[in-house]
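Undergrad:
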Amino acid sequence: MSSLIQLNEEALRCAIGKEFTSGIQKLGKPTVEKWVIRPGMEFASPNIWWGDTSKTRYDSYGGGPHEGLDFALAQKVDTRPFQAGLQGLGVSTLLRGRVLWRFDDLVGDTLIVASDYQSQGYRFLVQYSHIDSQAAPVGSAVELGQNLGTIKRSDNLKSVTASHLHVSTAFLNEDLVATPDSSVTFDHWLQWESSGKLHYLDPLSLVAPEVRAAQFIIGSEAKSPIARLVSTGSSRDDRAAIRRVLARAFPGIQSLNAKNAEAAKELTDSDSILVSNNRELWKIEYTGNLQIPSTLELSGYGFKFLVDTISLIEYANANI
Ligand SMILES: [Zn+2]
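Sequential numbering from 46 applies to the sequence shown in my numbering.
Printed below as a string of structure tokens:
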């Protein structure tokens, strides 16, 4: 089966590569200059929640390696540090087709768009997840670059995941394309994958190499000089709130929290930042390699100021 799919991949690139590349060039415009793909955001990553290597996708929800590519972090037009918080950003189609299904993915909607491309009993599909998809009703035809909706704000208080668009590209057994919308859920996708009826491909493999190089920051260039953000606060809720803010603002950097400063210090290493909060005062400390004042105290500015300060530290260190 995998060799069949590999053969299909070559033919697929010839058939839709140009259009898909053009769709990628339009995505996020005019806001986004380049997409930043950190470990965990790339296709086939075994880990869930970027930067958290303690949990695999299988442990979390029974899934295999990452089924697609996450658009969670960007270098925006006119700004230099990488930025997350992409909720509300418009999501445009990467390939023309027909909206086949819509289902709930716990963050937002997943839309499955069936392309016209078919090969050896399989249909090529594009999946867009974690979006607010009101702009594209099920059954409607969509053109290349057409608006599908926006990236949904991640409101789940238990989740530390930044708002992002997940894109999968896949071949699905043609017989299943006729399945009515109302009966398809996320669980079907897990089942179809494990039973060999659904085959995922790396979306980036369908993008022309020169556009991939121009529009994506991948690998060591995408990595932050900060390895870990460790937070501690006066109450459990405080700690959870800090961790959530840091994890959402800095996807791909491991974020942890600890009961007290002592325990937090044990979690840090030479590339970590320790953030503590006693309700009135933020304190940022580090433990070695990062170029920042030895202690940095910020008073009364809230989370936004904390995030901006860490962004500046991150950017300054990335450019040393
Ligand atoms: Zn994803």
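We treat Cβ as the ideally placed atom computed from N, Cα and C, and that holds for glycine. If you're wondering where the values come from, they're calculated on a predicted model, not measured in any experiment.
By how many angstroms is the C-alpha of valine 171 removed from the C-alpha of histidine 211?
TA: Translated into the one-based positions of the sequence shown, residue 211 becomes position 166. Translated into the one-based positions of the sequence shown, residue 171 becomes position 126. The straight-line gap from Cα to Cα measures roughly 10 Å.
Undergrad: Mind checking whether arginine 288 and aspartate 316 have CB atoms under 8 Å apart?
TA: The residue given as residue 288 occupies position 243 in the sequence shown. The residue given as residue 316 occupies position 271 in the sequence shown. Going by C-beta atoms, arginine 288 is not nearer than 8 Å to aspartate 316.
Undergrad: Sorry if obvious, but does the Cβ on aspartate 107 come closer than 7 Å to a heavy atom of ligand 1?
TA: The sequence position of residue 107 within the sequence shown is 62, counting from 1. Per the sequence shown, residue 107 should be read as glycine rather than aspartate. No, since every heavy atom of ligand 1 falls outside the 7 Å radius drawn around the Cβ of glycine 107.
Undergrad: Check whether the Cβ of glycine 190 sits closer than 7 Å to any heavy atom of ligand 1, and report yes or no.
TA: By 1-based counting over the sequence shown, the position of residue 190 is 145. No, Cβ of glycine 190 sits at least 7 Å from all heavy atoms of ligand 1.
Undergrad: Which residue from Ser269, Asp353, Val256, Ile358 puts its Cα closest to that of glycine 130?
TA: If you number the sequence shown from 1, residue 130 lands on position 85. Among Ser269, Asp353, Val256, Ile358, the Cα nearest to that of glycine 130 belongs to Asp353.
Undergrad: As a quick exercise: from Asp149, Ala186, Ala361, Ser160, pick the residue whose alpha carbon is nearest that of histidine 175.
TA: For the purposes of this step, residue 175 is taken as the residue at position 130 of the sequence shown. Selected option, being the one with the closest Cα: Asp149.
Undergrad: Can you tell which of Ser228, Ser199, His244 has the C-alpha that lies nearest to the C-alpha of asparagine 218?
TA: Position 173 of the sequence shown holds residue 218. The candidate whose alpha carbon is nearest that of asparagine 218 is His244.
Undergrad: Which residues does DSSP pair with tryptophan 327 in a beta bridge?
TA: Within the sequence shown, numbered from 1, the residue matching residue 327 stands at position 282. Per DSSP, Asn322, Leu343.
Undergrad: Closer than 7 Å by C-beta to methionine 46: which residues in its own chain qualify, once you throw out the five before and the five after it? Chain order, please.
TA: For the purposes of this step, residue 46 is identified with residue 1 of the sequence shown, where counting begins at 1. Note on methionine 46: pLDDT 47, under 50, position unreliable in the model; the coordinate value appears next. Closer than 7 Å at the Cβ level, and outside the excluded window around methionine 46, lie Gly241.
Undergrad: Give me the Cα-Cα distance between valine 252 and threonine 66, rounded to the nearest whole angstrom.
TA: For the purposes of this step, residue 252 is identified with residue 207 of the sequence shown, where counting begins at 1. For the purposes of this step, residue 66 is identified with residue 21 of the sequence shown, where counting begins at 1. So the alpha carbons of these two residues sit roughly 5 Å apart.
Undergrad: I'd like to know whether the C-beta atoms of valine 158 and glycine 142 end up nearer to each other than 8 Å.
TA: If you number the sequence shown from 1, residue 158 lands on position 113. If you number the sequence shown from 1, residue 142 lands on position 97. Yes, these two residues count as a Cβ contact at 8 Å.
Undergrad: Determine the contact status of leucine 139 and glycine 68, defining contact as a CB-CB distance below 8 Å.
TA: Within the sequence shown, numbered from 1, the residue matching residue 139 stands at position 94. Within the sequence shown, numbered from 1, the residue matching residue 68 stands at position 23. Yes, these two residues count as a Cβ contact at 8 Å.
Undergrad: Name the two residues that bound the continuous beta strand (DSSP E) containing isoleucine 263.
TA: Here residue 263 is taken as the residue at index 218 of the sequence shown, counted from 1. Start and end: 261-263.
Undergrad: Thinking C-beta only, is serine 279 closer than 8 Å to asparagine 334?
TA: Translated into positions along the sequence shown, residue 334 becomes position 289. Translated into positions along the sequence shown, residue 279 becomes position 234. Not in contact: asparagine 334 and serine 279 (Cβ atoms no closer than 8 Å).
Undergrad: What does the Cβ neighbour count give for phenylalanine 122, buried or exposed, with the cut at 16 atoms within 10 Å?
TA: Here residue 122 corresponds to residue number 77 of the sequence shown, with the count starting at 1. The displayed chain sequence assigns valine, not phenylalanine, to residue 122. Exposed, because fewer than 16 other Cβ atoms sit within 10 Å of the Cβ of valine 122.
Undergrad: Is DSSP giving aspartate 353 helix, strand or coil here?
TA: Reading the sequence shown from its first residue, position 308 is the one you call residue 353. In this structure, aspartate 353 counts as helix in the three-state DSSP scheme.
Undergrad: Return the CA-CA distance between aspartate 177 and serine 344, expressed in angstroms with no decimal places.
TA: Start at 1 with the first residue of the sequence shown, and residue 177 comes out as number 132. Start at 1 with the first residue of the sequence shown, and residue 344 comes out as number 299. Roughly 36 Å separates the two Cα atoms.
Undergrad: Should aspartate 200 go down as buried or exposed, given a rule of 16 or more other Cβ atoms within 10 Å for buried?
TA: Here residue 200 is taken as the residue at index 155 of the sequence shown, counted from 1. Classification of aspartate 200: exposed, given that the 10 Å Cβ count is below 16.
Undergrad: By a C-beta neighbour count over all protein chains shown, 10 Å radius and 16 as the cutoff for buried, is aspartate 115 buried or exposed?
TA: Locating residue 115 in the sequence shown gives position 70, counting from the first residue. Aspartate 115 should be labelled buried.
Undergrad: Using the DSSP secondary-structure output, state which residues sit across from tyrosine 167 in a beta bridge.
TA: Numbered from its first residue, the sequence shown carries residue 167 at position 122. Note: tyrosine 167 sits in a beta bridge opposite Ser164, Asn218.
Undergrad: Below 8 Å between beta carbons: does that hold for glycine 194 and valine 275?
TA: Residue mapping note: residue 194 aligns to position 149 of the sequence shown, counting from 1. Residue mapping note: residue 275 aligns to position 230 of the sequence shown, counting from 1. No, these two residues do not count as a Cβ contact at 8 Å.
Undergrad: In angstroms, rounded to a whole number, what distance separates the CA positions of aspartate 154 and tryptophan 237?
TA: Along the sequence shown, read from residue 1 onward, the residue named residue 154 stands at position 109. Along the sequence shown, read from residue 1 onward, the residue named residue 237 stands at position 192. Aspartate 154 and tryptophan 237: Cα-Cα distance of roughly 19 Å.
Undergrad: Could you name each continuous beta strand (DSSP E) segment of 3 residues or more that falls completely within the stretch 193-281, going from the start of the chain to the end?
TA: Those beta strand (DSSP E) runs which fall completely within the stretch 193-281 and span 3+ residues are 210-218, 243-246, 261-263, 273-278.
Undergrad: Measure how close the beta-carbons of histidine 209 and alanine 294 come, nearest whole angstrom, since I'm counting them as under 8 Å.
TA: Here residue 209 corresponds to residue number 164 of the sequence shown, with the count starting at 1. Here residue 294 corresponds to residue number 249 of the sequence shown, with the count starting at 1. Their Cβ separation, rounded to whole angstroms, is 13 Å, which puts histidine 209 and alanine 294 out of contact at 8 Å.
Undergrad: Determine the closest residue to glutamate 188 out of Gln179, Lys203, Val144, with distance taken between C-alpha atoms.
TA: Counting from one through the sequence shown, the residue named residue 188 turns up at place 143. Ranking the options by Cα distance to glutamate 188, first place goes to Val144.
Undergrad: Take leucine 134 as the anchor and find which of Ala306, Thr76, Glu255 has the nearest alpha-carbon.
TA: Reading the sequence shown from its first residue, position 89 is the one you call residue 134. Cα-wise, what sits closest to leucine 134 is Thr76.
Undergrad: Measuring straight from C-alpha to C-alpha, what distance separates alanine 292 and glycine 166?
TA: Along the sequence shown, one-based indexing puts residue 292 at 247. Along the sequence shown, one-based indexing puts residue 166 at 121. In a straight line, the C-alpha of alanine 292 is about 42 Å away from that of glycine 166.
Undergrad: By alpha-carbon positions, which one of Thr101, Val81, Ala180 ends up nearest to serine 90?
TA: Translated into positions along the sequence shown, residue 90 becomes position 45. Nearest C-alpha to serine 90: Thr101.
Undergrad: Tell whether a beta-carbon distance below 8 Å holds between valine 81 and tryptophan 146.
TA: On the sequence shown, residue 81 is found 36 positions in, with the first residue counted as 1. On the sequence shown, residue 146 is found 101 positions in, with the first residue counted as 1. Against a cut-off of 8 Å, the Cβ pair of tryptophan 146 and valine 81 comes out as no contact.
Undergrad: Please look up how many angstroms separate the CB atoms of alanine 303 and threonine 332, rounded, as I've assumed it's under 8 Å.
TA: Locating residue 303 in the sequence shown gives position 258, where the first residue counts as 1. Locating residue 332 in the sequence shown gives position 287, where the first residue counts as 1. Not quite, the Cβ-Cβ distance comes to about 14 Å (not below 8 Å), so this is no contact.
Undergrad: Taking Cβ to Cβ, would you say glutamate 330 is nearer than 8 Å to leucine 319?
TA: Looking up residue 330 in the sequence shown gives position 285. Looking up residue 319 in the sequence shown gives position 274. For glutamate 330 and leucine 319, yes; Cβs fall inside 8 Å.
Undergrad: In whole angstroms, what separates the C-alpha of isoleucine 298 from that of isoleucine 271?
TA: Taking the first residue of the sequence shown as 1, we reach residue 298 at position 253. Taking the first residue of the sequence shown as 1, we reach residue 271 at position 226. Cα-Cα distance, rounded: 7 Å.
Undergrad: Quick one: Cα of aspartate 232 to Cα of arginine 125, how far?
TA: In the sequence shown, counting from the first residue as 1, residue 232 sits at position 187. In the sequence shown, counting from the first residue as 1, residue 125 sits at position 80. When rounded, the distance between both Cα atoms is 40 Å.
Undergrad: Check whether the Cβ atoms of glutamine 132 and lysine 197 lie closer than 8 Å to each other.
TA: In the sequence shown, counting from the first residue as 1, residue 132 sits at position 87. In the sequence shown, counting from the first residue as 1, residue 197 sits at position 152. Yes, they are a contact pair.
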